[in-house]
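Reviewing the structure listed below.
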Amino acid sequence: MHDYLAQFAEPFGYLDFARFGPVSDPVRRVLVREADRLHRRGWAALDRLDAEADAAARTAGDLLGCAPHEVAFVSSTSHGLFAAAHAFARPPAGAPARPGGPRGPGRAGRRGSRCRW
91 MHDYLAQFAE PFGYLDFARF GPVSDPVRRV LVREADRLHR RGWAALDRLD
141 AEADAAARTA GDLLGCAPHE VAFVSSTSHG LFAAAHAFAR PPAGAPARPG
191 GPRGPGRAGR RGSRCRW
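For the sequence shown, counting from 1, position 63 maps to 153 in the working numbering; every step adds exactly one.
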């Protein structure tokens, strides 16, 4: 555990993760490498990034016990929480009984998604 914690430069008790979570040195190196690849190769680098995102979704799906298409990567924790809350929200009392409001069932409902936590 000590070796893992030593990868972060933030002081003990850092609590601003909701806005921006610090990244470890290995993550920082990967981010710099991929930014450099995008800079050097431009659009040609996107196929590799897409393949790596697909591999990450498969790995996350294996860890979570779900299919890769059920894994979503979002820009922030807040974005992910709002998206999940919106996908599984129930209509307020007195709202029409039509699923998903006036536009019909939301994407989660159409796909048969369910909250797993």
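Virtual Cβ for every residue (Gly too), placed ideally from N, Cα, C.
To the nearest whole angstrom, what separates the beta carbons of residue i and residue j, a pair I think is in contact under 8 Å?
i, j, result
"L136", "E124", "Actually they do not touch by this definition, with Cβ atoms about 11 Å apart."
"G151", "V164", "Actually they do not touch by this definition, with Cβ atoms about 16 Å apart."
"D126", "Q97", "Not really, about 21 Å apart at Cβ, beyond 8 Å."
Worksheet entry | Within the segment 120-169, ranges of the alpha helix (DSSP H) (whole runs, at least 4 residues) | 136-154
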